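**Q**
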Amino acid sequence: MNLLIYLLVAAVIGWVATELMHDRGSLLINIVLAVLGAFLASYFLTPFFKVGTINDAITVPTMLVTLLGSVILLAALHLFRGRGRRLA
Numbered sequence: 747m748n749l750l751i752y753l754l755v756a757a758v759i760g761w762v763a764t765e766l767m768h769d770r771g772s773l774l775i776n777i778v779l780a781v782l783g784a785f786l787a788s789y790f791l792t793p794f795f796k797v798g799t800i801n802d803a804i805t806v807p808t809m810l811v812t813l814l815g816s817v818i819l820l821a822a823l824h825l826f827r828g829r830g831r832r833l834a
């Protein structure tokens, strides 16, 4: 049951991250990548910010860290796709 709740919350946060990145490409792919970003954020960003993961409790700090991980992964995807903003 925890896994289902984690995936559902991460998918909603992934949708929010997609909206923040203004990407209207493949919404499903972006949500899946954002869920992956949320998973990676739970391992790499939560110790840095000293907050729990979504598995511990669904709170505002955990959701913000999950959102940050999703945005970072989506931004990396944009850079590799070649649609990143370039400084000229």
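Numbering of the sequence shown is given in our numbering, commencing with residue 747 and proceeding in unit increments.
Virtual Cβ for every residue (Gly too), placed ideally from N, Cα, C.
Fair warning: this is a prediction, and the values are worked out from it, not measured in the lab.
1. Do you know offhand how far ILE818's Cα is from ALA780's?
2. What is the C-beta distance between ASN776 and GLY760, in whole angstroms, given that I count them as a contact (C-beta under 8 Å)?
3. Between which two residues does the alpha helix (DSSP H) harbouring THR764 extend?
4. Whole angstroms are fine: how far does the CA of ALA787 sit from the CA of LEU753?
5. Terminal residues of the continuous alpha helix (DSSP H) containing GLY815?
**A** The answer reads as follows:
1. 9 Å
2. 7 Å
3. 748 to 766
4. 14 Å
5. 806 to 827
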